[in-house]
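Here the structure comes first, spelled out in C-alpha cells, and everything after it is commentary.
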Amino acid sequence: MRVRFAPSPTGVLHIGGARTALYNWLLARGEGGKFVLRVEDTDRERSTPENVEQILEALRWLELDWDEGPISQVERASRHREQIDRLLADGRAYEDEGAVRLRVPDEGETVVHDAIRGEIAFPHHSIDDFVIARSDGSALYNLAVSVDDLDMDITHVIRGADHLSNTPRQAMIMEALGAQPPVFAHLPLLHGLDGKKLSKRHGAASVQALRESGYLPEAVRNYIALLGWGLDASTTFLSTDELVEGFSLGRVSKSPAVFDEQKLRWMNGRYLRELAPLDLATRLEAITGRTGLEPAASVAQEKMQTLADFWPLAGFLVEPQPTDEKAWAKVMTEGTEERLRIAGEELEALEDPWTNEGVEQALRGVVERLEVKPKEVFQPLRVALTGSTVSPGIFESVVALGREETLVRLRAALGRLELAT
RNA sequence: GCCGCCAUCGUCCAGGGGACUAGGACGCCGCCCUCUCACGGCGGAAACGGGGGUUCGAAUCCCCCUGGCGGUACCA
C-alpha cells in the first residue's frame, strides 16, 4: 500500500488538510504501507520552498512522519509533457487553439469506486473534452496528479470531497494512459460553526494557529481523528497507537463535520492534565523562552486548557503581576488589613519545612482565630499575592511562591492598605 | 442551469429492519464538592428534515421533495 498526501503549498495547513494527512498516515501505518508526500501544485509561482517548509513543519509538529517526499510537481514538468505527447500520439487527446484536450466520449459513463461512498457514476454527456495542458505546454492539475500517482505507484488516494468531481477526469486520464486507477476515498468536508466552509474567520482554523493557541499535538490529533470517524459508540480518547490500530476507511462518515473549538479545548485540557509536570514545564519553557517553570506548571496544571492559559493563571509565580484594581476594591474591605497582617505573622512563624499541609494549617488557623469565613481571609490574600481573584488554590500558590516572596508581597499589600486609611 | 455528494440532539460520534423509551461526548441548565476559577461527581433539557412506498414491523431499505455542500477554469 502506498498512500500520498498532496497539500497545496500555500504555506498554511488547514484543519481539513491536517485531517486528510492524518487519515492517510493512519492508513499507511496501520497496513504497514508507505506514506508519501507530494506537493500538489503545477504553478511555479506559489510553490516556494518557504511555503513547502511551513507545511512540513506543521506535519512534524503533529508527529506525522513520512516515508518519502516531498516531491514537487513543478520538477516533474517534463515527465508530464511526455505523457501529454503520448496521449496526443495515441489520438486520446487533441490540440485546440494551442491547448491540449482529452477526448471524452459523448455516450456512456465513467464509474468511480470510492471506498467511503461506493460506486459513483458520472455520465459522459456532462463532461466536456477538458484541457490537460495549457497552450504554453505546461500540464494542468488533473493530468499532473494522474501521471504522478501512476508513476509513484500510489494505491490509495484519500482526499477531500471537493475533489470528487475531478475523479472521473483523473480516472479517464489514467485509463487513456493504459493504467488502472487507485482506490479513491473522499472525506466529508469540514465546516465552521456557522455551517460555512472552514476558514480563517473561524478562529484557529489552521494547524499553525492551533499550535500558537497552545494546543497539544496529541490532543489535536485525537480531536481531528474524530471529525468524520469514530471507533464505536463511546470511545473518545484514543492514543496514536489505538488510532493506528482502530482506524478504517469503512467507518469514515459521509456527511460534513463542523470543527468545534470548544470541544478541542476540553479535550486539550484533559491531555494537559495527564502530562507529567516536567513534561508540561518543558513545553511551557519552549514557548515562553523561560526556565524553571516546573513548580508553577504543576500548580497551574489542573486549571489550564491550553498552554496559553498558563501565564494568566500562574504568571504571578514567575514575576509579580499588575493588580486588578476591580478585584482589589472588591476584596479589600473592612477588616482585611488585620486578617492579612495575622496571616503574614502565621506564615512567618511557620516552622520548616514549607509544605502544603503546614501552610494550610496556618491559614485555616487564622480563619478560626478571627472567626470569619474562609474566603474572607483567602480572597484578600489571593489578590495580595496574585493580583487577581482568580488563581490556583491559595495553599499551593503560597507554597510555590515561597515564604520570602509571599511575605514581601503581603507587606506590599499591607503598605498600600495603610496608605489608604 | 447541468453534474455529483450529503441529511440522527446546537456540535462531534454510535445505531444500517424488531434489542430504540434512539446511546456516548462537547456545550447548556440544576445540584454536590469548594478559598476564587476550574477539575471532578450526580441529574436534566435536547435529534431521526417532509411526503410517499416496501414490510407483520422503518431512524435503518426504495422513490420523490426540500435543504445543505461541492464541481462545472488554459486554478488546485
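This note's numbering applies: residue 203 is where the first sequence begins, and numbers increase by one. Backbone N, C-alpha and C fix where the C-beta goes; we use that ideal spot for every residue, glycine too.
Check                                                                                                                                                      : Outcome
Can you tell which of 394, 512, 530 and 235 has its C-alpha closest to the C-alpha of residue 501?                                                         : 512
Span of the beta strand (DSSP E) holding residue 206?                                                                                                      : 204-207
At what residues does the alpha helix (DSSP H) containing residue 561 begin and finish?                                                                    : 558-572
Taking the Cβ atom as the reference point for each residue, do residue 314 and residue 369 lie within a distance shorter than 8 Å?                         : yes
Quick check on DSSP: helix, strand or coil for residue 625?                                                                                                : Given a span of 203 to 623 for the chain in the structure shown, any question on residue 625 remains unanswerable.
Where do the N-terminal and C-terminal ends of the alpha helix (DSSP H) with residue 631 fall, by residue?                                                 : Outside the modelled stretch of the chain, which goes from 203 to 623, sits residue 631, for which no answer is possible.
Which whole-angstrom value is the C-beta distance of residue 505 and residue 495, which I expect to be below 8 Å?                                          : No, residue 505 and residue 495 are not in contact; Cβ-Cβ is about 15 Å, not under 8 Å.
Mapping the DSSP letters down to three states, classify residue 492 as helix, strand or coil.                                                              : coil
Quick check on DSSP: helix, strand or coil for residue 227?                                                                                                : helix
Assuming the contact rule is C-beta atoms closer than 8 Å, residue 480 and residue 418 should be a hit. Round their C-beta distance to whole Å, please.    : In fact, because the Cβ distance is near 15 Å, the residues do not count as touching under 8 Å.
Return the Cβ separation of residue 342 and residue 244 in integer angstroms, given the expectation that the two are a contact with Cβ distance under 8 Å. : 7 Å
Can you tell me which of the three DSSP states residue 236 falls into?                                                                                     : strand
Please report the residue range of the alpha helix (DSSP H) in which residue 518 lies.                                                                     : 512-520
Below 8 Å, can you find three or more Cβ-Cβ pairs linking the stretch 567-584 to the stretch 516-528?                                                      : no
Classify residue 321 as helix, strand or coil using the three-state DSSP reduction.                                                                        : strand
According to DSSP, simplified to helix, strand and coil, what is residue 505?                                                                              : helix
Is it buried or exposed for residue 384, if we count other Cβ within 10 angstroms and need 16 for buried?                                                  : buried
My assumption, with CB atoms under 8 Å, is that residue 568 sits in contact with residue 579. Please give the rounded CB distance.                         : 5 Å
Within 8 Å, do at least three Cβ pairs link the stretch 436-456 to the stretch 231-238?                                                                    : yes
Taking 8 Å as the threshold, find out whether the stretch 333-340 comes into contact with the stretch 284-302 through three or more Cβ pairs.              : yes
Counting along the chain, where does the alpha helix (DSSP H) carrying residue 654 start and finish?                                                       : Outside the shown range of the chain, which is 203 to 623, sits residue 654, and nothing can be said about it.
Given a cut-off of 8 Å, decide if residue 279 and residue 286 are closer than it, judged by their beta-carbon atoms.                                       : no
Just grab the DSSP bridge partners of residue 351 for me.                                                                                                  : Bridge partners of residue 351: none, in fact.
Need the endpoints of the alpha helix (DSSP H) that residue 597 sits in, please.                                                                           : 596-603
Are residue 408 and residue 215 closer than 8 Å when you measure CB to CB?                                                                                 : yes
For residue 242, does the count of other Cβ atoms within 10 angstroms reach 16, so buried, or fall short, so exposed?                                      : buried
So, with DSSP's three-state summary, where would you put residue 241?                                                                                      : strand
Would you kindly check if the distance between the Cβ of residue 348 and the Cβ of residue 322 is under 8 Å?                                               : no
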